[in-house]
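Going by this note's numbering, the sequence shown opens with residue 469, and the numbers climb by one from there. As C-alpha cells, the structure follows; a few thoughts come after it.
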Amino acid sequence: MYIKKNVFDNIFNTVMYIKNKSKDNIKARMELKEICRRFLKAKAPFTLILNQRRSVCEWVKSLRLLDGYSSNLSRCVDVRTGRLFGMKSHDCNIFMQCLISIAFSYL
C-alpha cells in the first residue's frame, strides 16, 4: 500500500505542479538540455495551472463518499494553494483507482 501511496504522490504532485514535491525539476530539465539541445525550460504540457488546480481541489472538497469507503477527503484539501495533503495510503489507493480519471475529465 505504501508503494501505491508514493506512486500516487509523485504522479499527482507532478500533474498539480506542486513546488518542491514534483519530480519535474531543474535537474531533470538540464538532462533534457544535454540530450535534446533545448535551451529554455518550458512548463510540461500535462501540468495544471492554478485555476485548474483550484477547481480540482474544490471538486475533491465537495465529494461525498459512502461511510467506510474512504475518510473525509475534504479535510485533506487546501483550495487556496491548490494541493492535497495528509492523505492515508487507503485514500490514495481509492483516489488513484476510482477518482483520478473523473477528477481530470472534470476539467
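Cβ coordinates follow ideal geometry from the N, Cα and C atoms, glycine included. All values derive from a computational prediction rather than experimental measurement.
For arginine 551, the residue or residues it bridges with in DSSP: Counted from its first residue, the sequence shown places residue 551 at position 83. Looking at the DSSP assignment, arginine 551 forms a beta bridge with Asp546.
Rounded Cβ spacing between phenylalanine 514 and valine 483 (contact assumed at less than 8 Å): Start at 1 with the first residue of the sequence shown, and residue 514 comes out as number 46. Start at 1 with the first residue of the sequence shown, and residue 483 comes out as number 15. So it is a contact: roughly 6 Å between Cβ atoms.
Integer Cβ distance of cysteine 566 from valine 545, believed to fall under 8 Å: As a position in the sequence shown, residue 566 is number 98, starting the count at 1. As a position in the sequence shown, residue 545 is number 77, starting the count at 1. 17 Å between Cβ atoms; not a contact.
Extent of the continuous alpha helix (DSSP H) run through aspartate 477: Here residue 477 refers to the residue found at position 9 of the sequence shown. Per DSSP, aspartate 477 belongs to the alpha helix (DSSP H) from 470 to 483.
Beta-carbon spacing of methionine 555, lysine 472 below 9 Å: For the purposes of this step, residue 555 is taken as residue 87 along the sequence shown, with counting starting at 1. For the purposes of this step, residue 472 is taken as residue 4 along the sequence shown, with counting starting at 1. Going by C-beta atoms, methionine 555 is not nearer than 9 Å to lysine 472.
Unbroken alpha helix (DSSP H) run spanning cysteine 504, endpoints: What you label residue 504 is simply residue 36 of the sequence shown in a count that begins at 1. Taken as a continuous stretch (DSSP letters only), the alpha helix (DSSP H) holding cysteine 504 covers 494 to 504.
Top-ranked residue by Cα proximity to leucine 575, from Ile479, Gln520, Leu534: As a first step, residue 575 is located in the sequence shown; it is residue number 107 there, counting from the start. Of the candidates Ile479, Gln520, Leu534, the one whose C-alpha sits nearest the C-alpha of leucine 575 is Gln520.
Local conformation of leucine 518 per DSSP, three classes: As a working note, residue 518 is residue 50 in the sequence shown. In this structure, leucine 518 counts as helix in the three-state DSSP scheme.
Lysine 529 - DSSP class collapsed to helix/strand/coil: Numbered from its first residue, the sequence shown carries residue 529 at position 61. Lysine 529 falls in the helix class under three-state DSSP.
Whole-angstrom C-beta distance between serine 538 and isoleucine 562, which should lie under 8 Å: Taking the sequence shown and counting its residues from 1, the one referred to as residue 562 is at position 94. Taking the sequence shown and counting its residues from 1, the one referred to as residue 538 is at position 70. With a Cβ gap of about 5 Å, isoleucine 562 and serine 538 count as contacting.
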